[in-house]
Amino acid sequence: MSEKTGWNWESGEKTVQDLSKTSEEVRWLEEWHASPDGEKIACVACTDDAEFSFVVNGEVMENRFEKAICPKFTPDGRLAALVSLDMEWTVAEDGNAWEETYGFLWDMQFGNGSLSVGVQQDMQYGMVVNGTIWDELFENANSFALSPCGKHSAAAVQVQALAQADIFTFQDGVFSLAVDGKVWDMRAMNFWTPVFSNEGGHVACQARKSLYDYTIAVDGKFWSKDFACVWEPSFNPADGSVVAPVRMNGKWGMAKDGEILWQPQFTQLWQQQYSQDGKTLWAICSPKYGKFTVCRDAKPWDCGYLSVTDLSVSPDGNRAAAVGRTPDKGYNVIVDGTAWNGRYDMIWKPIFSDNGSNVAVKVKKGERYNVLVDGKACKEDFDMVFDPVFSPDGTSVLIKGIQGGVYKRIVAPVADFRKEA
Amino acid sequence: MFNEIYELVTGPLAWIGWGIFLLGSVYKLASLWSLAKKKDTSSIYYTKAKFGLRSIAQWSLPFGTLGWRETPSVTVVTFVFHICLILVPIFLSAHVILWEEWFGVSIPALPNHVADVMTLLVIAGGTFFAWRRFSVPEVAFVTSGHDWFVLGVVVAPFLTGFLAYHQIFNYEVMIVLHVITGIAWLALIPFTRLSHMLVSWYSRAYIGSEFQGVRHCKDW
Amino acid sequence: MKKPVFDRKIEDIGLETGTSRLTPEKIQETIQNVLASETGAKLKVYHDTCVRCGLCSKACHYYVSHDGDPTYSPVGKVVQTMAVMIDKKGKVDADFIYRAAQIAYTECNLCRRCIHYCPLGIDTGYIMSMVRRICHKLGVTPQYIQDTAHSHSATMNQMWVKDDEWIDSLLWQEEEARDEFPDMRIPLDKEGADIMYSVIAPEPKFRTHLIYQAGAIMHEAGADWTMPTLHGWDNSDMAMFSGDFEIMGRLKRDHFERAQKLKVNRIVMGECGHAFRSVYDQGNRWLGWADYPVEVVHSVEYFADLLRTGKIKMAQKVKGPITIQDPCNIIRGRGLMEDLRYVAHAIADEVIEMTPSLEHNYCCAAGGGVINCGPPFKNVRVNGNKAKADQLRRVKEQGVDLCLCPCHNCHGGLEDIIHSNELGIDLKFIGDIIYANMVKTKAVEE
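Chains as they are written, first to last, in my numbering: chain C, 511 to 931; chain H, 1439 to 1658; chain U, 46 to 491.
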């Protein structure tokens, strides 16, 4: 959140770029991406047969690539993408390719100024972080993670080749977890979804020790108990303990460091999230078949939906918001257990202001996009809108939208959101 | 002697039989329902009256379903057998008197000669099913002692009733046997394959709902 | 009558090794455990009320194809497997488990045709899938389907396709397609697109042209679509058929969550049957989703819509009569028979139906994971489906040379049946025909 203090938060609207004016050297433009601060609008551009570049605020960048895919702005505003030249792949930042090239790259992730990406080099697999490839590469690697601090990376890795249909060697365990390229001693059938503690010193992941025994592994050690199934773990930011949903006797509960924290009582339970002080634990749950909702410390909200996604918890942990799918195939924004008025065709993840008092959300109805704050719409809607951002003091919202071929950056005071949604 | 035995079987024993049937049925349904609520929540979720009734209606139609059409002899016998099996015990004139005596309800009775023919149809149907259990490979292969026992239990009251009514063999023995087998027939419903009488309505409704509701396809 | 003996044991290293590790205690404990904790009133009712009338026999292609061998009838299979497990409270031996596994995994396609035959509504497919569940829990599964389940768990796709191979296949097909459609794209990870197109892993592995064709059709139709670069792109789910429900759920969660993260309106899935079953019927239920958390549209529905709305127009129709294979999991499983008929008539001059057809059609004998049990069991499904060969022969005699077959498993199964019976019928996906014969307004002039 530190980045945004330096942005321009003066209320008003600014036309950043008329997107209809494109250079003649461009054959086609791909999907638009707005920078986090809204000052830049960029996309991949095809400039010739098998020739691609980037357009940023109307300027076509100088460098050309045979392929350019998956562009994303880093939180600090660099345009990163996977690019290929002469059948080799690398990362381009703001249009400039890294010097090193690789067999293949995918799954870019960002953390505190760092950039990680999955890599295949000479048919060996691992990760590249800020241009440095892991010392050791593996038969296969997936489920990549970069720590929030940006210093550490982890992935599930296959440490030994398997002959075709060799089911028994696989069951003996040929997978492990590698952190910063160093593989744990333990082997198991599967490792999934490594997550880092905030400061990056600890790693936890799902593990499957046998066909039937699932548990959580933390820093190279399995929990002492096994379960019928588990989902991704998370760290308590305050005391470093690890929680994960676990399945017992056909129901889901929450375990903490291997011991039951919430009794198995749910048809489903996942995507748990701690408040910043680690005192409140939220999760998406299904208290009975066919009904999903959100629970706080195992107490579910009354409302029920076909499915619930995009759980967002206020920094103090007292409030939460999520997206619920309605039986008529639409979506509702749910905040603190109550749905806002209005059914939408798509809703993005709700965002709390830093002080937790306001909620902003990007919504789509038909082909029109809008941003809602506390259930109210701002006066105009858009052809396209990007994720809204609250000002550091929470009094304004940055809206980045495209309307009539023009990309605009709008800082709107929260008080301006008055229109009934 | 006969009178005492007759009193016993039509008195206390009959009440016990009815009691087992009723309480057993309630127990059976209640325990299944509570088990279903615990273990089959998704199945309950999709079961809807509209689809269930539609399915039951379709399967109540002779030749109304693929299965009924494929083996016509079984279809005809099954329908005749079950209709007679249910109607005769309820509307037989001798039973109508019992209902009046026991429960104080009076209902019309079937003419005796009609009931007689229907009884024969049940016996004939039972014989047909027995023949299938012996001679049709796919039935013989899956037939166990339980199936013979159940078939015997079902047909026995009709056979003994028929013999008693026509005074073939010893009437007194037959009528007592008739009452005993009839009571056994009742009492065994909740505890044998005869329980399909109690629960197959629901299993039919359930699968009908799965097909029509979830799979958008008829289940017949 | 003398009961037939089971004399058709097939050697499979998965079944052999699995059974060699069993002890009577382990068998009993596992069976009792599954029965107590995972099954409920449904199985109990089926077990208690089945009157053994044998009416279901004629429903099953295995029974029909084996000249009425009762050991292949649906109830016959129950009597040799689950019924004994329940009656003996799990006291069965390792040989029994081997047999039960072979029956449940390779002699039943879980096609549910027998539902149309049972007056009591007994779902033999469900009973067989619970037998598979027990066998999975005992570690007695055919080698190849088990390997597929392992691939699912390790890579989130069924063919050990590595992340880079997947993306590379998409880029390769896009590049190929640009020779024909110069500005065609396979948009990757396009957030907020209308459609996420998902496939099964054999497509990037062996049948990449299907991705090309799908791309060409989407492009021509002007669809707002995307394909994901990360796991979740594979909609298949063989764990559902191996009895590994935990992995089944994991896969379905992954698939739907990928679509949820991409914020697409709907998932359009390629021409696959079992994957469809896993999203509307089994995988979703294990997760607690009573209905799609993201709308799923099968290719058959999608193509029907494109043709109805004129977004795709056919330049020419297939000459001569074609027939239709109705895949269980999209027809009996999801009622897409009318859409499939609409498409068939839109792309061909004449359609000659097989008998039986629609929801009463016979299974291909490859579905339900049977083809995934691999080469050891190939003859089980080919010999076990003379019924299908007869169906096909009858339409062949009426002049049919082409069978429309909108399911990967049906393709595999029918291909072997056609080959082994020398029927000389060509199998096509709908996408094959639409791609070949549609009006291509956006293609280069030839």
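Glycine included, C-beta positions come from ideal geometry on N, C-alpha and C.
C-beta neighbour in chain C for residue i, strict 8 angstroms
{"i": "U/Pro420", "result": "no"}
{"i": "U/Ala149", "result": "no"}
{"i": "H/Tyr1640", "result": "no"}
{"i": "U/Ile256", "result": "no"}
{"i": "H/Ser1647", "result": "no"}
{"i": "H/Thr1479", "result": "yes"}
{"i": "U/His319", "result": "no"}
{"i": "U/Thr62", "result": "yes"}
{"i": "U/Leu307", "result": "no"}
Where residue i sits in the DSSP three-state scheme
{"i": "U/Met46", "result": "Because the pLDDT at U/Met46 is just 48, under 50, the model does not fix this residue reliably, and the value given afterwards should be weighed accordingly. U/Met46: coil per DSSP, three-state reduction."}
{"i": "C/Met511", "result": "For C/Met511, the pLDDT reaches just 49, beneath the cut-off of 50, and the residue's location in the model is therefore unreliable, although a value from the coordinates is still provided. Coil, per DSSP."}
{"i": "C/Ile920", "result": "strand"}
{"i": "C/His543", "result": "strand"}
{"i": "U/Ile479", "result": "helix"}
{"i": "U/Asn428", "result": "helix"}
{"i": "H/Phe1567", "result": "helix"}
{"i": "C/Arg806", "result": "strand"}
{"i": "C/Asn606", "result": "strand"}
{"i": "H/Ile1458", "result": "helix"}
{"i": "C/Gln913", "result": "strand"}
{"i": "C/Lys524", "result": "strand"}
Where residue i meets chain U, residues with beta-carbon distance less than 8 angstroms
{"i": "C/Asp855", "result": "Asn310"}
{"i": "H/Pro1549", "result": "Simply none; closest approach about 30 angstroms."}
{"i": "H/Trp1658", "result": "His161"}
Residues that residue i contacts on chain U, provided the C-beta gap is smaller than 7 angstroms
{"i": "C/Gln773", "result": "Neighbours of C/Gln773 on chain U: none; closest Cβ ~16 angstroms, over 7 angstroms."}
{"i": "H/Trp1497", "result": "Pro164"}
{"i": "C/Cys553", "result": "Within chain U, no residue comes near C/Cys553; the closest Cβ sits about 11 angstroms away, beyond 7 angstroms."}
Within-8 angstroms CB hit, residue i to chain H
{"i": "C/Gly800", "result": "yes"}
{"i": "U/Thr126", "result": "no"}
{"i": "U/Leu447", "result": "no"}
{"i": "U/Val120", "result": "yes"}
Short CB-CB distance (under 8 angstroms) between residue i and chain U
{"i": "H/Thr1500", "result": "A quick correction: the sequence has Pro, not Thr, at residue 1500 of chain H. No, H/Pro1500 does not count as interfacial toward chain U."}
{"i": "H/Phe1579", "result": "yes"}
{"i": "C/Ala617", "result": "The question names Ala, but residue 617 of chain C in the sequence shown is Asp. Closer than 8 angstroms: yes."}
{"i": "H/Cys1655", "result": "yes"}
{"i": "C/Ser796", "result": "yes"}
{"i": "C/Arg718", "result": "yes"}
{"i": "H/Thr1448", "result": "no"}
{"i": "C/Ala738", "result": "yes"}
{"i": "H/Tyr1644", "result": "yes"}
{"i": "H/Ser1633", "result": "yes"}
Boundaries (first-last residue) of the beta strand (DSSP E) holding residue i
{"i": "C/Ala793", "result": "791–798"}
{"i": "C/Gly757", "result": "The amino acid at residue 757 of chain C is misidentified as Gly; the sequence shows Arg. From DSSP, the beta strand (DSSP E) with C/Arg757 extends over 752–758."}
{"i": "C/Cys580", "result": "577–583"}
N-terminal and C-terminal residue of the alpha helix (DSSP H) that residue i is part of
{"i": "U/Ala145", "result": "139–151"}
{"i": "U/Ser214", "result": "208–225"}
{"i": "C/Tyr724", "result": "Where C/Tyr724 is concerned, there is no enclosing alpha helix (DSSP H), although the beta strand (DSSP E) it sits in stretches over 724–728."}
Under 8 angstroms from the C-beta of residue i: neighbouring residues of chain H
{"i": "U/His405", "result": "Leu1504"}
{"i": "U/Thr116", "result": "Phe1579"}
Neighbouring residues, chain C, relative to residue i (Cβ below 8 angstroms)
{"i": "H/Tyr1483", "result": "Tyr799, Gly800"}
Any non-hydrogen atom of the ligand GTP closer than 7 angstroms to residue i Cβ
{"i": "U/Ile72", "result": "Among the ligands in the structure shown, none appear at all, so the ligand GTP cannot be discussed."}
Within chain H, partners of residue i - CB distance below 7 angstroms
{"i": "U/Cys163", "result": "Gly1505"}
7 angstroms Cβ cut-off: residues of chain C touching residue i
{"i": "U/Leu275", "result": "Asp617"}
Chain C contact residues for residue i, given Cβ-Cβ distances below 9 angstroms
{"i": "U/Gly328", "result": "By Cβ distance, chain C contributes nothing, its closest Cβ being about 13 angstroms from U/Gly328, past 9 angstroms."}
Proximal residues of chain H, C-beta to C-beta of residue i below 9 angstroms
{"i": "U/Tyr325", "result": "Val1652, Arg1653"}
Starting from the N-terminal side, write out each stretch of the beta strand (DSSP E) that is 3 residues or longer and does not extend beyond the segment 859–906 of chain C. 869–875, 878–883
Which runs of the alpha helix (DSSP H) spanning at least 4 residues fall entirely within the segment 647–719 of chain C, listed in chain order? 677–682
At what residue ranges does the segment 351–391 of chain U contain a whole run of the alpha helix (DSSP H), taking only runs of 4 or more? none
What alpha helix (DSSP H) runs, 4 residues minimum, are completely inside the segment 275–323 of chain U? 284–287, 290–307, 319–322
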